[in-house]
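In our numbering, the protein residues as written are -8 to 91. C-beta atoms are modelled at their ideal positions from N, C-alpha and C, and glycine is treated no differently. Contents: one structure, followed by commentary.
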Ligand code: SF4
């Protein structure tokens, strides 16, 4: 029995219907601050980006609607509704401290 391919048009339409319209969102055009970490990105740089994103969220006029919508979404590694994702623990030995 073969599996039929997903109806991508219907899937995209459903995503668009389920996603609230927030034309006043302060993050429009600023995705680079909100995105999940990219491969080999320094964790400190990720934290700096995400902290800046949370600052943008704190003044966003769409924050309440965004927060309501975010409760229906899967957890993300990026910033959503002013929530900074948990930072992954570093593996391996801790870095050596430089002595003075
Ligand atoms: S609260 Fe939501 S809509 Fe507003 S800037 Fe943050 S992520 Fe964007």
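Buried/exposed call for residue i, threshold 16 Cβ in 10 Å
{"i": "residue 1", "result": "exposed"}
{"i": "residue 38", "result": "exposed"}
{"i": "residue 7", "result": "exposed"}
{"i": "residue 22", "result": "exposed"}
{"i": "residue 44", "result": "buried"}
{"i": "residue 65", "result": "exposed"}
Near the ligand SF4: residue i beta-carbon under 7 Å from a heavy atom
{"i": "residue 75", "result": "no"}
{"i": "residue 54", "result": "yes"}
{"i": "residue 72", "result": "yes"}
{"i": "residue 43", "result": "no"}
{"i": "residue 16", "result": "yes"}
{"i": "residue 6", "result": "no"}
{"i": "residue 3", "result": "no"}
{"i": "residue 47", "result": "yes"}
Beta-carbon separation (whole angstroms), residue i vs residue j, contact threshold 8 Å
{"i": "residue 70", "j": "residue 51", "result": "With a Cβ gap of about 11 Å, residue 70 and residue 51 do not count as contacting."}
(request) Ignoring anything shorter than 4 residues or poking outside the segment 19 to 73, list the alpha helix (DSSP H) runs there in chain order. (result) List check, alpha helix (DSSP H) in window: 22 to 25, 34 to 49, 54 to 61.
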